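Count along the sequence shown from 1, add 18, and you get the number used in the numbering used here. Worksheet: the structure to be examined is printed underneath.
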Amino acid sequence: MAMNSTAVVVARDAASIGKHVTVQGWVRTRRDSKGGFSFIELNDGSCLKNLQVIADGNLPNYQSEILKLAPGCSVSIEGDIVKSGGGGQATEMKAASITVHGWADPELYPLQKKHHTLEKLREWAHLRPRTNTIGAVLRVRNRITRSIHDFFQDEGFLYVQTPIITASDCEGAGSMFHVTTKDPMFRVTSKNLDKVIDPEAPDFFGKPTYLTVSGQLEGEILASALGKIYTFGPTFRAENSNTTRHLSEFWMIEPEAAFFDLTANMDLAERFLKRIVKDAMTHCADDLAFFAEHVEKSLPEVLKNVAEKPFQRVTYTDAVNILLQSKQTFEYPVQWGIDLQTEHERYLTEQHFKSPVIVTDYPKAIKAFYMRQNDDGKTVRAMDILVPRIGEIIGGSQREERLDVLTARMKEMKLNEKDYWWYLDLRRFGTVPHSGFGLGLERMVQFVTGMGNIRDVIPFPRAPGSAEF
Ligand code: 4AD
Ligand code: MG
Numbered sequence: 019m020a021m022n023s024t025a026v027v028v029a030r031d032a033a034s035i036g037k038h039v040t041v042q043g044w045v046r047t048r049r050d051s052k053g054g055f056s057f058i059e060l061n062d063g064s065c066l067k068n069l070q071v072i073a074d075g076n077l078p079n080y081q082s083e084i085l086k087l088a089p090g091c092s093v094s095i096e097g098d099i100v101k102s103g104g105g106g107q108a109t110e111m112k113a114a115s116i117t118v119h120g121w122a123d124p125e126l127y128p129l130q131k132k133h134h135t136l137e138k139l140r141e142w143a144h145l146r147p148r149t150n151t152i153g154a155v156l157r158v159r160n161r162i163t164r165s166i167h168d169f170f171q172d173e174g175f176l177y178v179q180t181p182i183i184t185a186s187d188c189e190g191a192g193s194m195f196h197v198t199t200k201d202p203m204f205r206v207t208s209k210n211l212d213k214v215i216d217p218e219a220p221d222f223f224g225k226p227t228y229l230t231v232s233g234q235l236e237g238e239i240l241a242s243a244l245g246k247i248y249t250f251g252p253t254f255r256a257e258n259s260n261t262t263r264h265l266s267e268f269w270m271i272e273p274e275a276a277f278f279d280l281t282a283n284m285d286l287a288e289r290f291l292k293r294i295v296k297d298a299m300t301h302c303a304d305d306l307a308f309f310a311e312h313v314e315k316s317l318p319e320v321l322k323n324v325a326e327k328p329f330q331r332v333t334y335t336d337a338v339n340i341l342l343q344s345k346q347t348f349e350y351p352v353q354w355g356i357d358l359q360t361e362h363e364r365y366l367t368e369q370h371f372k373s374p375v376i377v378t379d380y381p382k383a384i385k386a387f388y389m390r391q392n393d394d395g396k397t398v399r400a401m402d403i404l405v406p407r408i409g410e411i412i413g414g415s416q417r418e419e420r421l422d423v424l425t426a427r428m429k430e431m432k433l434n435e436k437d438y439w440w441y442l443d444l445r446r447f448g449t450v451p452h453s454g455f456g457l458g459l460e461r462m463v464q465f466v467t468g469m470g471n472i473r474d475v476i477p478f479p480r481a482p483g484s485a486e487f
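Here's what the structure looks like:
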């Protein structure tokens, strides 16, 4: 049945006029005409818009079924695609037969025509993909993932997989989820004495393990052999950040390239973001027009700006001076050495530069151990890319490739060299200058769609206190 069906996106195209096809999807609305026939708006997720179907009163199940169709019912409809009589669409369908697969009781189905808030829709994550907004988000998200692979494949990067369970803390932020087979809820009773595990006994992997916060360290291994690689996988952060930009589980794209210095890294990141935005503008025009109309008015201008204008580049020290001279009152006071907060990042990109900006050379005290140290002894070869509405969308750096400098820094930061023996081996054997960065997929989807809350750009958000579905 499904094999021969036609997607609504195809049926809506004028090229389908004159064809006899089957479409399959979910009823959005039914409207009955005085002339004894009905209009059915059918959506199948293939595009934002619906297919208008005309169901004639002569259809055998018109009285018994068609007049009972309500939002959410699933149907297969066979018929002719004809030129639409009404405006707003090129085609419509004259139904020859309608098969109902599943009913949706209008008394119980939550997605009625009335508008629901995004907060409310989050409680119905199992049904919200059927709404215009979340459907559009997921199509754009799909397009972005495709552009990510297209971009890196075109640039000669190899797609590699890094582990999800890991024993090393890449970012050193101490916000990792523990992976264990020991049951912390286990309470000894007289009946389960045989199941008591010695708390001192080794855990499953023989050492403490965690869900990864980043595939970078393993990515560096692979770049040290294959040259240019990228990872694209889930990452986990147990930070208690209840914000519109943080998830506990998110997807990260991490390229890593041997022989790249920070400038090459920044150039790569800029080309990368431009490619994603341009592709979305080309291939998701309807969905983006929807977001511009209903979600974020400034979207077309902001996206065009990113696609066309060169990104600004500024050192952290200069950025701090800009903030100090801005006469702006920030909630979090600015001084050299602070980690830039979202309010600072947004001021720089939205007010001052009015374009994406790459901030480089951050103080080493606020960055991870692996970043390459500058000769000033105070800063590292880091880069963050800031974009309007979001703030930081990419974080990256040139890596410290000098064994002695790296081990000295690890000592300062009280990291145990033994835990990183393999990472240090890369510096012992054929070390090379190299760089990479991480892009949070969900922040990118937020940026391209204009959606305000990161929980609405991933199908099943994970955040503190929230893991339903
Ligand atoms: O800046 P971050 O922490 O950098 C790294 O993890 C590096 N190891 C990347 C690398 O150099 N290979 O994270 C990178 C990006 C951020 O800029 C942000 O877009 C996203 O990941 N990100 C999050 N997205 C959603 N929720 C969170 N809790 C995030 N934390 C970081
Ligand atoms: Mg960062």
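Cβ atoms here follow ideal geometry from the backbone N, Cα and C, with glycine treated the same way. The structure displayed is predicted, hence computed values, not measured ones.
Original post:
Hey, R48 and N61 are a contact pair by Cβ (cut 8 Å); roughly how many whole angstroms apart?
Top reply: Between N61 and R48 the Cβ distance is about 13 Å, and since that is not below 8 Å, they are no contact.
Original post:
Closest to R445 by CA distance: which of V423, I247, T262 is it?
Top reply: V423
Original post:
Which value, in whole angstroms, describes the spacing of the CA atoms of D187 and M194?
Top reply: 8 Å
Original post:
Can you find at least 3 beta carbon pairs, one from the segment 326 to 337 and one from the segment 359 to 379, that sit closer than 8 Å?
Top reply: yes
Subject >> beta-carbon Q234 near ligand 1 non-hydrogen atom, thresh 6 Å >> reply: yes
Original post:
Which stretch, first to last residue, makes up the beta strand (DSSP E) that contains W269?
Top reply: 267 to 276
Subject >> Test item: CB-CB of V26 and L87 under 7 Å >> reply: no
Original post:
Measuring from the CB of L265, is there a heavy atom of ligand 1 at a distance below 6 Å?
Top reply: yes
Subject >> Nearest-angstrom Cβ-Cβ length linking K396 and P406, presumed shorter than 8 Å >> reply: Going by Cβ atoms, the distance from K396 to P406 rounds to 29 Å, so no, they are not a contact pair.
Original post:
Which one of T261, L77, P181 has the shortest CA to CA distance from T230?
Top reply: P181
Original post:
Looking only at its own chain, which residues have a Cβ that is under 7 Å from the Cβ of D357, when we skip the five neighbours before and after it?
Top reply: I384
**OP:** Report yes if the C-beta of G448 is less than 6 Å from at least one heavy atom of ligand 2; otherwise report no.
**Re:** no
**OP:** Excluding the 5 residues preceding and the 5 following A287 in the sequence, name in chain order all residues of the same chain whose CB lies nearer than 7 Å to its CB.
**Re:** I403, I412, G414, F455
Original post:
For ligand 1, is there a heavy atom less than 6 Å away from the beta-carbon of E314?
Top reply: no
**OP:** Put I95 into one of helix, strand or coil per three-state DSSP.
**Re:** strand
Subject >> Cβ-heavy atom distance, R255 to ligand 1, below 6 Å >> reply: yes
Original post:
Which whole runs of the alpha helix (DSSP H) in the segment 314 to 348 are 4 residues long or more, in chain order?
Top reply: 317 to 326, 334 to 342
**OP:** For L87, name the three-state secondary structure that DSSP assigns.
**Re:** coil
Original post:
Can V463 and D305 be called in contact, C-beta distance under 7 Å?
Top reply: no
**OP:** Return the chain-ordered list of same chain residues with a C-beta closer than 7 Å to the C-beta of I84, the five sequence neighbours on each side being excluded.
**Re:** S56, A73, L77, I116
**OP:** Specify the secondary structure class of H362 as computed by DSSP and reduced to three states.
**Re:** helix
**OP:** Let me know the secondary structure DSSP gives G409 once reduced to three states.
**Re:** strand
Subject >> Boundaries of the alpha helix (DSSP H) in which F238 is found, first to last residue >> reply: Checking the sequence shown, residue 238 turns out to be Glu, not Phe. Residues 234 to 244.
Original post:
According to the neighbour-count rule (16 or more other Cβ atoms, all chains shown, within 10 Å of its Cβ), is L342 buried or exposed?
Top reply: exposed
Original post:
Can you give the Cα-Cα distance for E59 and R161, rounded to whole angstroms?
Top reply: 25 Å
Subject >> Per-residue burial, I183 [other beta carbons within 10 Å of its own, 16 or more giving buried] >> reply: exposed
Original post:
Would you call the CB atoms of D507 and P451 closer than 7 Å?
Top reply: The question about residue 507 has no answer here: the residues shown for the chain are numbered 19 through 487.
Original post:
Grouping DSSP H, G and I as helix and E and B as strand, with all else coil, what is R48?
Top reply: strand
Original post:
With respect to 6 Å, is the separation between the Cβ of G413 and the closest non-hydrogen atom of ligand 2 below this value?
Top reply: yes
Subject >> Cα-Cα separation between T198 and S242, rounded to whole angstroms >> reply: 31 Å
**OP:** Can you grab the Cα-Cα spacing for the pair N471 / K345, in whole Å?
**Re:** 29 Å
**OP:** Count the other CB atoms, across all protein chains shown, that sit within 10 Å of the CB of N210; report buried if there are 16 or more and exposed otherwise.
**Re:** exposed
Subject >> N-terminal and C-terminal residue of the beta strand (DSSP E) that I35 is part of >> reply: First-last for I35: undefined, no H or E at that position.
Subject >> Best match in L433, A154, G54 for proximity to C302 [C-alpha to C-alpha] >> reply: A154
**OP:** Over the uninterrupted beta strand (DSSP E) stretch that includes H301, give me the two end residues.
**Re:** Unbroken run through H301 is the alpha helix (DSSP H), 280 to 301; no beta strand (DSSP E).
Original post:
Which word fits A108, buried or exposed, when buried means at least 16 other C-beta atoms lie within 10 angstroms of its C-beta?
Top reply: exposed
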